[in-house]
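Down below is the structure, laid out as structure tokens.
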Amino acid sequence: MRIRSLMSVRNLMSALAVAVLGAAAIPQPVAAKKSVALTAFIAQSPKSGWGVYVSDGTSAGTSELIAGSKEMLRLSAYPVGDKSLLLVTNDALRVSDQTGLYVLTRSGKLQKLNHPLIENLTEARAFAPVRGRLYVVNNGKLISTDGTQKGTREISAAPFYSVTSVFEFNGRTSFISSLMNTTEAFQIIDEATASSSVLFLMPRQGGRGSYSEPPTLFGDKLILTRRTDASGYEPWVSDGTAEGTDPQRYWLS
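Residue numbers (mature numbering (1 follows the signal peptide of the UniProt record, and there is no 0)): -19 to -1, 1 to 234.
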């Protein structure tokens, strides 16, 4: 088995302790078994091709979860409740038997979440879990899931060009999206109705303004970073309202 890592493959214990995405080594703790953290990573086997493995850092505790991909896989892992959700796509940006959203339990059991909303994951992108749910953007849709069939649904939102971040603010799940690449919207998600509402809009200044990804929570305020043609990058502070969102050019001085 060939493991792509920034470390020597002879140091197997070190190599197993990272999730490997291309040539970059990124830590990906995904679950726990008997209070021992497991790590998911991508590796290539001469026999089974690219696959997803899970390990507790020992040879005996290392197993292949997903195998048989001709294209290199991309892996993102997110803890949600008492399980972990693995988002698997590939470099070819096309659907295969290996791509999809998987549920990994603490006991090490893996199950693919076969839901119509997440069957065709190509350029899917997931965000850090918020309030026990994972948010995935795929094919222009914002999908919310708790890792179950019943708990997977599309969030009805204003049409967006892209979602830049999902986060919790003032006890509510919020997200910032670009609307047709000209305006940014600060939106609040209502899981009870599977919908969102726009709190305020902010035009892109000079067509190039953009929020940081994700915003930083500072007390009861959000610290955003915007880029404008006139000023370059600058910090903004927001209380979640249009009136309370202002540039703070000298805020850090």
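Think of the CB as a built atom: it goes at the ideal place given N, C-alpha and C, for glycine as much as any other residue.
Spatially closest choice to Y214 from E224, I23, D201 and P228, by CA coordinates | Residue mapping note: residue 214 aligns to position 233 of the sequence shown, counting from 1. For Y214, the nearest C-alpha among the options comes from P228.
Among L115, Q130 and G128, which has the Cα closest to the Cα of residue 297?
-> Any question about residue 297 goes unanswered here, given that the chain covers just -19 to 234.
What's the gap between the Cα of A73 and the Cα of S50?
-> As a first step, residue 73 must be located in the sequence shown, where it is residue number 92. As a first step, residue 50 must be located in the sequence shown, where it is residue number 69. Their Cα atoms are separated by approximately 11 Å.
In three-state DSSP terms, what is E215?
-> If you number the sequence shown from 1, residue 215 lands on position 234. Three-state result, E215: strand.
Any heavy atom of the ligand FAD closer than 7 Å to the Cβ of T222?
-> In the structure on display, the ligand FAD does not appear, and there are no ligands present to speak of.
Quick one: complete beta strand (DSSP E) runs, 3+ long, within the segment 87 to 139?
-> You should have 91 to 93, 106 to 111, 114 to 119 and 122 to 126.
Return the chain-ordered list of same chain residues with a C-beta closer than 7 Å to the C-beta of R75, the five sequence neighbours on each side being excluded.
-> Against the sequence shown, residue 75 aligns to sequence position 94. Around R75: T103.
Neighbour-count burial assignment, E149, 16 or more Cβ in a 10 Å radius = Residue numbering aside, residue 149 sits at position 168 when the sequence shown is read from its first letter. It counts as exposed.
Identify every residue that forms a DSSP beta bridge with T226.
-> Sequence index remark: in the sequence shown, residue 226 carries index 245 (1-based). According to DSSP, which records beta bridges pairwise, T226 is partnered with S219.
Start-to-end residues for the beta strand (DSSP E) that takes in S65 = In the sequence shown, the residue the question calls residue 65 occupies position 84. Counting along the chain, the beta strand (DSSP E) containing S65 begins and ends at K64 to N71.
Whole-angstrom distance between D63 and V144, CA atom to CA atom = If you number the sequence shown from 1, residue 144 lands on position 163. If you number the sequence shown from 1, residue 63 lands on position 82. Distance between the alpha carbons of V144 and D63 is about 27 Å.
Comparing alpha-carbon positions, which option in S159, A173, A105 and E52 lies nearest G132?
-> Counting from one through the sequence shown, the residue named residue 132 turns up at place 151. Scanning S159, A173, A105 and E52 for the CA closest to the CA of G132 turns up A173.
Can you give the Cα-Cα distance for Y59 and D127, rounded to whole angstroms?
-> Here residue 59 refers to the residue found at position 78 of the sequence shown. Here residue 127 refers to the residue found at position 146 of the sequence shown. Between Y59 and D127, the C-alpha separation is close to 11 Å.
With a 10 Å radius around its C-beta and 16 neighbouring C-beta atoms as the bar for buried, classify R207 as buried or exposed.
-> Position 226 of the sequence shown holds residue 207. With 16 or more Cβ atoms within 10 Å of its Cβ, R207 is classed as buried.
Whole-number beta carbon distance between Q79 and L54, since they are thought to touch under 8 Å = Looking up residue 54 in the sequence shown gives position 73. Looking up residue 79 in the sequence shown gives position 98. At roughly 6 Å, the Cβ-Cβ gap stays under 8 Å, so L54 and Q79 are in contact.
DSSP state of D171, grouped into three classes?
-> Looking up residue 171 in the sequence shown gives position 190. Secondary structure of D171 (DSSP, three-state): strand.
For N120, is the classification buried or exposed, using 16 other Cβ atoms within 10 angstroms of its Cβ as the cut-off for buried?
-> Looking up residue 120 in the sequence shown gives position 139. When all chains shown are included, N120 counts as exposed.
State the CB to CB distance for the pair residue 236 and G81, rounded to an integer number of angstroms; the pair is presumed to be in contact (CB under 8 Å).
-> Beyond the ends of the chain as shown, which are -19 and 234, falls residue 236; an answer cannot be given.
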